[in-house]
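Below is one structure, written out as structure tokens; comments come after it.
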Amino acid sequence: MPAGFTPAQERSLKHQAKLLQFTATLVVIAAVLNFLRIGGVFPFLFAAVDGSGGGDEAAALLRNLVAAIPTFFYIGAVWIAGGIFARVGQGEIFTVRNSRALAMVGGAVGLGAASAIVIIPPLLAWIDGIPYRFESAPSDMLLAVIGGLIQMLGFTHAKAGAIRSELDEII
69 MPAGFTPAQE RSLKHQAKLL QFTATLVVIA AVLNFLRIGG VFPFLFAAVD
119 GSGGGDEAAA LLRNLVAAIP TFFYIGAVWI AGGIFARVGQ GEIFTVRNSR
169 ALAMVGGAVG LGAASAIVII PPLLAWIDGI PYRFESAPSD MLLAVIGGLI
219 QMLGFTHAKA GAIRSELDEI I
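Following our numbering, the numbering of the sequence shown begins with 69 at its first residue and continues without gaps.
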């Protein structure tokens with residue numbers, strides 16, 4: 069653990085990290101199960117197996133898959149964050165590995181938001197056969213900025229660790 073942590077603070081941090089890792093795992097499982105439940109995957113599969121599946125089911129499944137693209141990025145971000153929590157729970161805090169993982173979390177959040185803003189709306193309009201008109205939810209724009217910030221913090225933290233290593237070698 070880094071200098072300045074009391075044994076009680078260290079135990080508390082490890083406990084919190086383990087709890088967050090467990091929570092992240094539950095979030096990933098719940099998100100995947102929820103997508104399977106409402107994403108139209110199961111009804112499409114059953115229709116395809118019994119031969120009654122037509123174009124409507126396939127189009128609905130495609131629409132649901134396209135609409136879920138940002139969610140897959142967000143699930144990836146939570147999964148990566150769970151890895152960070154696991155390492156912090158084992159006492160690995162200020163490491164290059166965690167810094168890179170933090171940058172990956174930010175990148176996944178940013179990509180999810182960017183896809184929700186730029187890619188998904190025109191694809192859904194194309195699937196539905198309607199003209200595309202740009203609209204974006206403020207929450208998507210906010211997530212894009214926060215994702216960029218988290219990514220930048222991860223890169224900055226990794227660079228700071230490299231500089232500190234160089235300074236430690238000099239001293």
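Glycine included, each C-beta is placed from N, C-alpha and C at the ideal position.
Quick caveat, the model's predicted, so the values are computed rather than measured.
In this structure, the beta-carbon distance from residue 179 to residue 223 does not fall below 9 Å. Excluding sequence positions up to five before and after residue 85, its CB lies within less than 7 Å of the CB of 153, 156, 157, all in the same chain and listed in chain order. In this structure, residue 134 sits near residue 195, with a CB-CB distance shorter than 9 Å. CA-to-CA, the gap between residue 215 and residue 100 works out to about 21 Å. Of the residues 151, 193, 125, the one whose Cα lies closest to the Cα of residue 171 is 151. Judged by DSSP secondary structure, residue 199 falls outside any alpha helix (DSSP H); it is assigned neither H nor E. Cβ neighbours of residue 188 within its own chain (closer than 8 Å, five residues either side excluded): 134, 135, 137, 138.
In the three-state scheme derived from DSSP, where H, G and I count as helix and E and B as strand, residue 73 is classed as coil. Distances from the CA of residue 186 to each of 177, 203, 176, 173 were compared; the closest alpha carbon is that of 203. Under the 10 Å beta carbon count, residue 219 is surrounded by 16 or more other beta carbons and is classified as buried.
Just so you know, the alpha carbons of residue 231 and residue 104 end up roughly 46 Å apart. Note that the C-beta distance between residue 92 and residue 149 is below 9 Å.
Here the alpha carbons of residue 228 and residue 235 stand approximately 10 Å from one another. Counting along the chain, the unbroken alpha helix (DSSP H) around residue 233 starts and ends at 206-238. DSSP places residue 174 in the helix class (H, G or I) of the three-state scheme. When the alpha-carbon of residue 174 is set against those of 76, 82, 144, the nearest one is in 144.
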